[in-house]
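Colleague: Let me give you the structure first, and then I'll get to my questions.
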Amino acid sequence: MLRFPPAYGVTSMQVTDVNGDGSPDIVLTNGDAGDYPAPVKPYHGVRIFLNDGAGKFAERYFFPMPGAFKAIARDFDGDGDVDVAAIAFYPDYASGHPLSFVYLENTGGLHFTAHTFPDADRGRWLTMDAGDVDGDGDVDLVLGSFAQLDALGDERGVAARWRRPDAPTLLVLENTGSRRRP
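Residue numbers for the sequence shown, in the working numbering: 264 to 445.
What follows is the structure in structure tokens.
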């Protein structure tokens with residue numbers, strides 16, 4: 264079906280019909296599966312593999328995201344197409360603005376507009392799920408952060424970089440209505 268070198272670090276996949284042709288496609292993340300130190304590699308990110316209807320898949324979309332850990336594909340904005348939300352556990356911290364969460368709004372024809380928010384890099388997002396958290400009928404997102412406390416024998420100082428007293432351990436991204444980003 265799909266094959267990758269071990270260094271690709273496939274971390275999640277979801278089967279859904281991305282292009283609306285009735286055949287199940289694959290949304291996949293790859294970002295080294297928690298290697299440390301986290302090497303930034305140009306092939307880490309969110310990928311969409313379209314099904315040709317006969318069970319053969321071809322990559323048709325790639326969004327670079329160092330340390331990509333999970334993606335969820337749903338119609339978040341209520342416009343009838345599949346959008347993608349993704350998290351990175353090991354984003355590129357050296358960049359100054361690590362991309363640890365992104366919402367990829369489907370604008371049609373496998374074109375996506377990337378959205379994030381300023382505080383997205385405050386957490387070390389390890390898990391994410393989607394559902395109607397507030398009971399209003401649309402899809403919300405819940406992000407869970409790795410809460411690193413003191414680590415004994417931490418000669419590299421990793422815990423000091425991850426210890427952020429102001430960082431959330433749980434973040435609910437409430438979808439505020441149709442045709443709007445979560």
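Where a beta carbon is used, it is the ideal one built from N, C-alpha and C, also for glycine.
With distances taken from CA atoms, which of Ser286, Arg387, Thr432 and Asp344 is nearest Gly372?
Modeller: Nearest C-alpha to Gly372: Asp344.
Colleague: Under DSSP, the beta strand (DSSP E) around Pro268 begins and ends at which residues?
Modeller: First-last for Pro268: undefined, no H or E at that position.
Colleague: Excluding sequence positions up to five away, which residues of its chain have a Cβ less than 7 angstroms from the Cβ of Ile350?
Modeller: Once the five neighbours on either side are set aside, the close Cβ partners of Ile350 are Phe332, Lys333, Ser363, Phe364, Trp388, Met391 and Leu406.
Colleague: Hey, does Ser363 have any beta-carbon neighbour from chain D nearer than 8 angstroms?
Modeller: Here there is only one protein chain, and chain D is not present.
Colleague: Write down every uninterrupted run of the beta strand (DSSP E) in the stretch 281-368 whose length is 3 residues or greater and which is fully enclosed by it, in chain order.
Modeller: Entirely contained in the stretch 281-368, the beta strand (DSSP E) runs reaching 3 residues are, in chain order, 288-293, 308-314, 320-327, 331-337 and 346-351.
Colleague: Candidates Met328, Gly294 and Pro287: which alpha carbon is nearest Asp315's?
Modeller: Of the candidates Met328, Gly294 and Pro287, the one whose C-alpha sits nearest the C-alpha of Asp315 is Pro287.
Colleague: So, do the stretch 378-388 and the stretch 315-327 have three or more beta carbon pairs nearer to each other than 8 angstroms?
Modeller: Counting Cβ pairs under 8 angstroms, fewer than three are found: no touch.
Colleague: On the premise that Val303 lies in contact with Ala336, defined as a C-beta separation below 8 angstroms, what is that separation, rounded to the nearest angstrom?
Modeller: About 25 angstroms; that fails the 8 angstroms criterion.
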